[in-house]
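For reference, the structure discussed in these notes is given below.
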Amino acid sequence: MFRGASLGFALSILGIVLGLIAALAWNSRLALGKFGWRFLWGTTWDPVAEIFGALPFIYGTLVTSAIGLLIAVPLGLGTAIFLAELAAPRVSEFIGFLVELLAAIPSVIYGLVGVFVVVPWVRTVIGPGLSGAFGWLPLFQGTPYGVGLLTAGMILAAMVVPFITTVSREVLLAVPRAQREAALALGATHWEVVWTSILPYARSGIVGSIFLALARALGETMAVTMVVGNRPEIKASLLEPGYTMAAVLANEFTEATSDLYLHALVEIGLVLFGITFLVNGAARLMLLRMGRVQEVRA
Amino acid sequence: MTWNRRTMNAAAFGLTALCAAITVSVLFFLLGYIAWHGFRGVNLDFFTHLPTPVGEAGGGMANAIVGTGKLLGLASLIGIPIGFFGGVYLSEFGHNRLGFWVRYAADLLNGVPSIVMGIFAYTIIVLPMKQFSTLAGGAALGVMMIPIAVRSTEEFLRLVPASVREASLALGAHEWKTILFIVVPAAFRGLLTGILLDLARVAGETAPLLFTAFNNRIWSHGWLEPTASLPVMIFTYAISPYEDWHRQAWAAALVLMLLVLLVNGGARLLLPRRRAAA
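If you're matching them up, the sequences are chains L and P in order. Heads up: the first sequence begins at 38 in this note's numbering, then just goes up one per residue. Heads up: the second sequence begins at 2 in this note's numbering, then just goes up one per residue.
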């Protein structure tokens with residue numbers, strides 16, 4: 038009886054996942070049928086003419102996440118090494134706690150601070166600075182509006198650092214003592230131990246943590262919607278406004294006036310689901326190789 | 002040891018310390034900035050009055066606060082039973098193929114972007130009923146609660162030693178009595194921590210509410226009307242062009258952040274030794 042009831046609840050979880058996939062596929066059928074694979078590389082998003090191509094959103098999602106990781110990986114990994122190697126256990130616990138609080142702050146609050154602090158900062162300081170120093174690169178040309186791919190990436194970085202730090206710290210602490218002692222016995226400095234012996238051993242776990250962070254960044258909605266500029270164009274410059282998959286859903290879903298429009302938006306959701314599914318799967322695989330998957334429910 | 006290697010050692014660890022300092026200062030900057038701007042907007046009216054029309058000063062977010070409460074209540078009603086009993090199944094009976102798949106489904110669900118969860122609730126509740134509602138928003142948040150509830154329940158029940166179960170069974174207690182009255186109470190603090198962390202996480206979710214609970218300038222009656230919520234209010238007010246609304250957005254952000262951090266921090270304090278975080 039009891040076993041049956043708890044089995045029922047467990048099965049309902051499977052049911053929800055299947056229902057989720059079915060609902061996404063069924064409610065995007067018009068767009069799937071009409072555009073096929075072209076949906077993925079079409080660059081025109083014109084609800085009035087009912088032409089829907091998702092490439093600008095896919096591009097924006099990938100670029101903002103890449104910028105986010107470019108900042109978050111060194112920062113998060115550095116923090117993790119500090120916590121695992123240098124800080125006293127109590128300090129490490131306490132800072133670890135603070136880092137996890139960073140992950141607990143709602144994304145709309147990151148967006149709020151993004152709109153009123155980071156956007157003006159990029160417009161007046163970072164943007165002109167980058168244009169001045171690297172203006173010969175197409176990446177940093179154009180007028181900095183403040184909102185744009187770079188701003189979104191910077192905020193994503195702050196949001197995903199906790200995932201990298203928390204998981205990497207656990208992974209680093211799980212490296213066997215013998216691994217460390219072997220390097221020490223050869224006369225390595227503390228840093229050489231970390232660099233030559235501990236990091237390589239923990240590599241797949243660290244890569245797993247980065248994939249987890251990537252999945253988070255790809256699906257992040259509110260903070261990005263508020264600062265990315267919401268313009269469905271593909272521009273070389275990171276200072277230009279862009280758009281992401283999650284952001285277009287947040288902005289246009291309630292405005293979808295026709296069935297095809299709605300189905301096109303749901304298909305974007307389906308694509309987003311597919312991408313995060315693959316990235317999360319990769320993360321799990323990496324962490325399983327470290328035998329630490331139990332620790333990770335990020 | 003050469004001077005070079007020693008310098009390298011110091012420089013490298015100095016850099017890691019700098020990373021930690023930057024990460025922690027981002028947190029303190031966020032907390033401080035929101036507290037600073039939020040305090041100017043928080044007053045009694047904020048908690049007791051409805052939003053005022055543009056241009057009219059004053060007003061509050063009473064409806065959004067109640068709306069968030071209702072949404073969280075409904076989400077708990079959906080997410081906690083499924084998560085709890087699903088976790089019980091995994092921990093007590095789930096050492097088989099089916100258990101593997103349920104675990105896999107829960108992890109998959111955990112990785113689904115929150116906005117996609119909103120689409121899911123939209124297609125199965127808002128579309129058929131043809132209206133935005135508290136029900137749809139609560140359902141979206143409830144589904145989001147399931148994966149963490151499942152995995153934390155399983156994890157904490159597994160920490161209860163097998164000998165405890167065997168002692169109870171040996172005294173002739175039924176399997177269900179053993180689990181509900183012996184195993185679950187032994188893991189109670191852990192289970193509560195898991196649930197609270199779960200609640201704190203969905204309390205700040207905005208994306209799944211945008212097109213399920215939608216928003217409302219007035220009170221929402223019952224469960225079938227669109228409702229305001231704190232996160233969606235922050236979003237709406239932040240991207241508006243009005244100075245007055247910005248001030249309210251900061252106030253709402255402060256209230257929401259305090260709520261989330263208190264529940265989150267409190268949950269962690271319940272446990273003597275922190276387990277892996279949700």
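Even glycine gets a Cβ: it sits at the ideal position worked out from N, Cα and C. None of these values were measured; they are calculated from a predicted model.
Mind listing, in chain order, the continuous alpha helix (DSSP H) runs of no fewer than 4 residues lying wholly within the region 124-170 of chain L? 126-141 and 144-150
Alpha carbon to alpha carbon, what distance is there between P:I196 and P:D245? To locate residue 245 of chain P, count along the second sequence from 1; it is residue 244. To locate residue 196 of chain P, count along the second sequence from 1; it is residue 195. Roughly 36 Å separates the two Cα atoms.
Take P:T8 and list the residues in its own chain whose beta-carbon comes closer than 8 Å to its own, dropping the five residues that flank it on each side. Stepping through the second sequence from its first residue, residue 8 of chain P is reached at position 7. Closer than 8 Å at Cβ, skipping near neighbours: no residue.
Under 8 Å between C-beta atoms of L:T101 and L:G190: Residue mapping note: residue 101 of chain L aligns to position 64 of the first sequence, counting from 1. Residue mapping note: residue 190 of chain L aligns to position 153 of the first sequence, counting from 1. Yes, Cβ-Cβ distance for L:T101 and L:G190 is below 8 Å.
Take L:V136 and list the residues in its own chain whose beta-carbon comes closer than 6 Å to its own, dropping the five residues that flank it on each side. If you number the first sequence from 1, residue 136 of chain L lands on position 99. Hits under 6 Å: P199 and T202.
What separation, rounded to the nearest whole angstrom, lies between the Cα atoms of P:W220 and P:L51? As a working mapping, residue 220 of chain P is identified with position 219 in the second sequence. As a working mapping, residue 51 of chain P is identified with position 50 in the second sequence. Approximately 8 Å, taken between the alpha carbons.
From the DSSP secondary-structure annotation, give me the bridge partner or partners of L:G256. Mapped onto the first sequence, residue 256 of chain L falls at position 219. According to DSSP, L:G256 bridges with nothing at all.
If you count every other CB in all the chains shown that lies within 10 Å of the CB of P:T237, and 16 or more means buried, which is it? Here residue 237 of chain P refers to the residue found at position 236 when the second sequence is read from its first residue. The residue is buried, with at least 16 neighbouring Cβ atoms inside 10 Å.
Could you check what DSSP says for L:W82 in three-state terms: helix, strand or coil? To locate residue 82 of chain L, count along the first sequence from 1; it is residue 45. Of the three classes helix, strand and coil, the one that applies to L:W82 here is strand, per DSSP.
Would you grab the beta carbon distance between L:I305 and L:L286 for me? Rounded to a whole angstrom, and I think it's under 8 Å. On the first sequence, position 268 is the one that residue 305 of chain L refers to. On the first sequence, position 249 is the one that residue 286 of chain L refers to. The pair is a contact, with the Cβ atoms about 6 Å apart (cut-off 8 Å).
P:F189 touches chain L at which residues, Cβ-Cβ below 8 Å? As a working note, residue 189 of chain P is residue 188 in the second sequence. What P:F189 touches in chain L: nothing, since even the nearest Cβ is about 18 Å away.
In its own chain, which residues sit with a C-beta less than 8 Å from the C-beta of P:A58, not counting the 5 before and 5 after it? Translated into the one-based positions of the second sequence, residue 58 of chain P becomes position 57. Answer for P:A58: D245, listed in chain order.
Check whether L:V204 and L:G245 have beta carbons under 8 Å apart: Along the first sequence, read from residue 1 onward, the residue named residue 204 of chain L stands at position 167. Along the first sequence, read from residue 1 onward, the residue named residue 245 of chain L stands at position 208. The answer is yes: Cβ separation under 8 Å.
What are the boundary residues of the alpha helix (DSSP H) that P:Y238 is part of? The residue labelled residue 238 of chain P in the question sits at position 237 within the second sequence. Counting along the chain, the alpha helix (DSSP H) containing P:Y238 begins and ends at L231 to A239.
So P:P82 is in the alpha helix (DSSP H); what residue range does that whole segment cover? Position 81 of the second sequence, counted from the first residue, corresponds to residue 82 of chain P. Where P:P82 is concerned, the enclosing alpha helix (DSSP H) stretches over A63 to F94.
8 Å CB neighbourhood of L:N64 in its chain, flanking five on each side removed: Locating residue 64 of chain L in the first sequence gives position 27, where the first residue counts as 1. Hits under 8 Å: L299, H300 and V303.
So that I know if they touch, is there some Cβ in chain P lying closer than 8 Å to that of L:L119? Numbered from its first residue, the first sequence carries residue 119 of chain L at position 82. The question names Leu, but residue 119 of chain L is Phe in the sequence shown. Output row for L:F119: interface = yes.
Based on DSSP bridge pairs, tell me the residues matched to L:I88. Walking along the first sequence from the start, residue 88 of chain L turns up at place 51. Bridge partners of L:I88: L:D83.
Determine the closest residue to P:G266 out of L:L77, L:F131 and L:G70, with distance taken between C-alpha atoms. Position 265 of the second sequence, counting from 1, holds the residue named residue 266 of chain P. Here the closest residue by C-alpha is L:F131.
Beta-carbon proximity of L:F248 to L:V159, cut-off 8 Å: Indexing the first sequence from 1 puts residue 248 of chain L at position 211. Indexing the first sequence from 1 puts residue 159 of chain L at position 122. No, Cβ-Cβ distance for L:F248 and L:V159 is not below 8 Å.
Within the 8 Å Cβ cut-off, does L:S295 reach chain P? Translated into positions along the first sequence, residue 295 of chain L becomes position 258. No, its Cβ sits nowhere closer than 8 Å to a Cβ of chain P.
Taking P:E226 as part of the alpha helix (DSSP H), name the residues at either end of that continuous run. In the second sequence, counting from the first residue as 1, residue 226 of chain P sits at position 225. Unbroken run through P:E226: none, as it is neither H nor E.
What residue from L:L325, L:A293 and L:I192 has the CA that sits closest to L:L107's CA? Translated into the one-based positions of the first sequence, residue 107 of chain L becomes position 70. When only C-alpha atoms are compared, the closest one is L:I192.
Which two residues bound the contiguous alpha helix (DSSP H) that contains P:R159? Numbered from its first residue, the second sequence carries residue 159 of chain P at position 158. T135 to R159 is the span of the alpha helix (DSSP H), which, as asked, contains P:R159.
What residues match up with L:G266 in a beta bridge as DSSP calls it? Taking the first residue of the first sequence as 1, we reach residue 266 of chain L at position 229. Its beta-bridge partners are L:G279.
Could you list which residues in chain L have their beta carbon closer than 8 Å to that of P:L109, in chain order? For this step, residue 109 of chain P is matched to residue 108 along the second sequence. V54, F314 and N317, listed in chain order.
Residue nearest to L:S241 in terms of C-alpha spacing, selected from L:L297, L:R326, L:A220 and L:T313: Position 204 of the first sequence, counted from the first residue, corresponds to residue 241 of chain L. Ranking L:L297, L:R326, L:A220 and L:T313 by Cα distance to L:S241 puts L:R326 first.
Using the beta-carbon of each residue, which ones in chain L are nearer than 9 Å to P:S221? Counting from one through the second sequence, the residue named residue 221 of chain P turns up at place 220. Neighbours of P:S221 on chain L: none; closest Cβ ~17 Å, over 9 Å.
Separation of P:E226 from P:K131, as counted between CA atoms: Locating residue 131 of chain P in the second sequence gives position 130, counting from the first residue. Locating residue 226 of chain P in the second sequence gives position 225, counting from the first residue. For P:K131 and P:E226, the distance between alpha carbons rounds to 11 Å.
6 Å Cβ shell around P:A141 - same chain, five flanking residues per side excluded: The residue you call residue 141 of chain P lines up with position 140 of the second sequence. Same-chain partners within the cutoff: M118, G119, A122, P209 and T213.
Interface partners of P:P232 on chain L, CB under 7 Å: The count along the second sequence starts at 1 and reaches residue 232 of chain P at position 231. Simply P143 and V145.
Whole-angstrom distance between P:W251 and P:L193, CA atom to CA atom: Your numbering for residue 193 of chain P matches position 192 in the second sequence. Your numbering for residue 251 of chain P matches position 250 in the second sequence. Each residue's alpha carbon lies about 31 Å from the other.
Cβ of L:V198 versus every heavy atom of the ligand MN: is any distance shorter than 7 Å? The ligand MN is absent from the structure shown, which contains no ligand whatsoever.
Own chain partners of P:V25 with C-beta closer than 7 Å, once the 5 adjacent residues on each side are dropped: Position 24 of the second sequence, counting from 1, holds the residue named residue 25 of chain P. Once the five neighbours on either side are set aside, P:V25 has no close Cβ partner at all.
Please decide whether L:R66 counts as near chain P, where near means a Cβ-Cβ distance under 8 Å. Start at 1 with the first residue of the first sequence, and residue 66 of chain L comes out as number 29. Output row for L:R66: interface = no.
Nearest neighbour of L:L69, chosen from L:A293, L:R214 and L:L297 [CA to CA]: Stepping through the first sequence from its first residue, residue 69 of chain L is reached at position 32. Closest by alpha carbon: L:L297.
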